[in-house]
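Asks:
Protein chains in written order, with our numbering: chain A, 249 to 624; chain B, 2 to 168.
#1: Can you tell me which of A:568, A:532, A:395 and A:522 puts its alpha carbon nearest to the alpha carbon of residue 618 of chain A?
#2: Quick one: what's residue 605 of chain A bridged to in DSSP?
#3: Check whether chain A comes within 8 Å of residue 126 of chain B, counting only Cβ atoms and requiring the distance to be less than that.
#4: In or out: residue 152 of chain B buried (at least 16 other Cβ within 10 Å) or exposed?
#5: Roughly how many angstroms separate the alpha carbons of residue 602 of chain A and residue 614 of chain A, rounded to a whole number?
#6: Residues in the region 375 to 409 of chain A with C-beta within 8 Å of chain B's C-beta atoms, listed in sequence order?
#7: Counting only runs of 3+ residues fully inside the region 498 to 572 of chain A, write out the beta strand (DSSP E) ranges in chain order.
#8: Alpha carbon to alpha carbon, what distance is there between residue 123 of chain B and residue 68 of chain B?
#9: Which residues of chain B have a Cβ atom closer than 9 Å to the Cβ of residue 448 of chain A, listed in chain order?
#10: What's the C-alpha gap between residue 525 of chain A and residue 157 of chain B?
#11: Taking residue 72 of chain B as part of the alpha helix (DSSP H), name the residues at either end of that continuous run.
#12: What are the start and end residues of the beta strand (DSSP E) that includes residue 124 of chain B?
#13: Closest by CA to residue 143 of chain B, which one among B:73, B:53 and B:117?
#14: Which two residues bound the contiguous alpha helix (DSSP H) that contains residue 470 of chain A?
#15: What is the DSSP secondary structure of residue 147 of chain B, counted as helix, strand or coil?
#16: Return the CA-CA distance between residue 466 of chain A and residue 440 of chain A, expressed in angstroms with no decimal places.
#17: Quick one: which chain B residues come within Cβ less than 9 Å of residue 516 of chain A?
#18: From what residue to what residue does the alpha helix (DSSP H) around residue 357 of chain A run?
#19: In chain B, what lies closer than 7 Å to residue 512 of chain A by C-beta?
#20: Can you tell me whether DSSP reads residue 52 of chain B as helix, strand or coil?
#21: Taking the alpha carbon of residue 443 of chain A as the point to measure from, which residue in A:307, A:461 and A:339 has its own alpha carbon closest?
#22: Could one say the Cβ of residue 452 of chain A lies closer than 8 Å to chain B's Cβ atoms, at least one of them?
#23: Please check if any C-beta of chain A sits within less than 8 Å of the C-beta of residue 106 of chain B.
#24: Identify every run of the beta strand (DSSP E) within the region 303 to 349 of chain A, keeping only runs that are complete inside it and at least 3 residues long; order them along the chain.
#25: Can you name the residues of chain B whose CB is closer than 8 Å to the CB of residue 455 of chain A?
#26: Thinking residue 310 of chain A and residue 347 of chain A are a contact (beta carbons under 8 Å), I'd like their distance in whole angstroms, please.
#27: State the DSSP-derived secondary structure class of residue 598 of chain A, mapped to helix, strand or coil.
#28: Compare the C-beta of residue 103 of chain B against all C-beta atoms of chain A and say whether one is closer than 8 Å.
#29: Excluding the five sequence neighbours on either side, which residues of its own chain have a C-beta within less than 7 Å of the C-beta of residue 297 of chain A, listed in chain order?
#30: Could you say which of B:87, B:166, B:149 and B:137 lies nearest to residue 512 of chain A if we only look at CA atoms?
#31: For residue 709 of chain A, which residues does DSSP report across the bridge?
#32: Just the C-alpha distance for residue 419 of chain A and residue 535 of chain A, rounded to the nearest angstrom, thanks.
#33: Check residue 69 of chain B in the structure and name its three-state DSSP category.
#34: Would you please verify whether the beta carbon of residue 136 of chain B is less than 8 Å from any beta carbon of chain A?
#35: Does any CB atom of chain A fall closer than 8 Å to the CB of residue 113 of chain B?
#36: May I have the straight-line CA-CA distance separating residue 110 of chain B from residue 452 of chain A, to the nearest angstrom?
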């Protein structure tokens with residue numbers, strides 16, 4: 249082999265080695281690639297983004313750099329936990345409203361948004377909050393960058409419940425205006441639950457009983473499934489939940505915080521305690537026990553319970569000339585509009601939710617009272 | 002096995018001061034010996050508790066695991082004659098009050114009592130279906146899993162000790 253050939257081979261080998269070395273020195277995995285979104289990794293790292301859906305025909309991806317490039321505000325903000333505990337923070341980040349302006353929108357015009365975290369936690373922010381509060385896309389809290397679990401962005405709504413302060417924000421869904429269906433039938437939650445298969449559910453130290461929401465939905469036999477379920481708790485707390493999330497959970501009906509929506513696969517912040525009312529499409533579920541606290545009680549003879557008229561009115565059941573009351577076993581009773589105020593819904597000695605009408609024949613009494621609906 | 006265990010117990014010496022929570026495990030007339038050769042891989046301390054010259058009655062092991070926020074230090078006690086867990090205690094944690102902070106609650110720790118040291122505990126979420134199931138703290142799966150991992154680590158180490166002593 250001649251000398252020039254050896255030099256060429258040497259140079260070629262050198263080139264190969266140089267290229268190989270260059271390839272090896274490049275990071276095989278950037279931190280962002282390695283990061284599991286569910287673990288809340290990597291704030292401010294290149295390529296990180298949050299997704300905004302519902303603003304335009306396709307999803308919009310906004311990088312964290314873009315968000316940080318918007319004008320930031322720094323505010324003293326207070327979060328309120330479900331137990332009423334207040335925590336104070338100094339929060340820095342741009343307003344969501346300023347981000348929306350880039351797309352020709354305003355926060356005040358939105359009918360609702362859903363904030364979704366990397367671990368699947370999500371919460372709907374209703375229009376009342378969007379119109380009256382600021383939503384800050386926080387990248388700095390108390391003067392420090394966000395920690396691993398909170399990065400890259402934390403949604404902060406000052407002075408609102410901490411459930412709206414979403415760590416590891418992954419997605420903002422802009423919701424469309426939903427026509428609220430008129431309630432056509434009101435179900436008594438306790439009776440409905442008694443028709444389902446209960447199972448043990450360990451809740452902190454106690455073993456309580458719970459039923460699958462999916463089974464309850466099956467018992468309702470709704471003609472069409474709405475997208476969301478709207479809840480009102482006994483303390484006045486209101487929340488909308490996507491039906492596909494709600495349907496995967498349980499209603500715990502004994503023990504502390506019952507009736508409680510929960511799921512072993514959902515973050516605790518998505519649980520709903522002391523459910524008084526749940527509306528899905530044209531069906532409303534009312535807890536008689538919670539209604540006693542919310543609507544007050546009335547006494548008829550030795551029976552203390554909820555005024556039937558109030559129980560019909562509160563969920564928004566349309567006015568009708570007559571009403572049909574149905575028991576769990578299919579027994580039905582028809583009453584007139586005027587008879588509504590004679591009725592009391594109480595729990596009898598066997599624990600059955602029962603309707604009793606003052607001054608009406610005993611046959612109008614409905615044990616295991618399941619539902620009421622208006623009829624022509 | 003017993004003879005070997007007695008020898009092991011007698012031969013052990015403590016280089017570091019024994020913490021109070023370990024000292025409290027010894028009844029009158031009992032002593033505590035450290036078994037350093039069985040430490041490592043997350044097990045930070047192993048002690049045998051009993052009357053010197055007699056088979057020890059309890060194995061006490063400390064382990065560190067990663068919780069949700071930070072490390073959790075767990076103490077696992079095993080009753081040697083029965084081979085059952087006698088108790089699990091949380092020595093240190095930094096979990097959030099509203100979530101993993103329940104890890105020190107007696108109702109949670111009681112779920113680990115009386116478990117066969119020859120088994121592997123499994124974390125479940127709603128209800129225990131078998132004797133080896135440990136129901137997670139509501140809303141604190143990470144923390145609960147960490148404690149189960151710590152206890153399992155100690156059970157495995159205990160089985161190793163027993164096996165080697167038998168040899």
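Quick reminder that beta carbons are idealized off the backbone N, C-alpha and C, glycines included.
Quick caveat: nothing in here was measured; it's all calculated off a predicted structure.
Replies: Based on what the coordinates show:
#1: Comparing Cα positions, the closest option is A:532.
#2: A:591
#3: yes
#4: buried
#5: 6 Å
#6: none
#7: Annotation note: the region 498 to 572 of chain A contains the following uninterrupted beta strand (DSSP E) runs of length 3 or greater, listed N- to C-terminal: 498 to 500, 508 to 510, 523 to 528, 531 to 534, 546 to 548 and 551 to 555.
#8: In a straight line, the C-alpha of residue 68 of chain B is about 17 Å away from that of residue 123 of chain B.
#9: The answer, in chain order, is 127, 128 and 129.
#10: 50 Å
#11: For residue 72 of chain B, no alpha helix (DSSP H) encloses it; the enclosing beta strand (DSSP E) starts and ends at 72 to 80.
#12: 123 to 125
#13: B:73
#14: Run containing residue 470 of chain A: none; DSSP gives neither H nor E here.
#15: Residue 147 of chain B: helix per DSSP, three-state reduction.
#16: 11 Å
#17: 99, 100, 139, 140 and 141
#18: Note, residue 357 of chain A: premise wrong, no alpha helix (DSSP H); not H, not E.
#19: Going along chain B in sequence order, the residues near residue 512 of chain A (Cβ under 7 Å) are 126 and 127.
#20: coil
#21: It is A:461 whose Cα lies nearest to the Cα of residue 443 of chain A.
#22: For residue 452 of chain A, the answer is yes, since a Cβ of chain B falls inside 8 Å of its Cβ.
#23: yes
#24: 308 to 311, 320 to 328 and 334 to 342
#25: 128
#26: 7 Å
#27: coil
#28: Closer than 8 Å to some Cβ of chain A, the Cβ of residue 103 of chain B qualifies, so yes.
#29: 309, 310, 311 and 312
#30: B:137
#31: For chain A, the structure presents residues 249 to 624; residue 709 of chain A sits outside this window and is missing.
#32: 34 Å
#33: Three-state DSSP puts residue 69 of chain B in coil, outside helix and strand.
#34: yes
#35: no
#36: 12 Å
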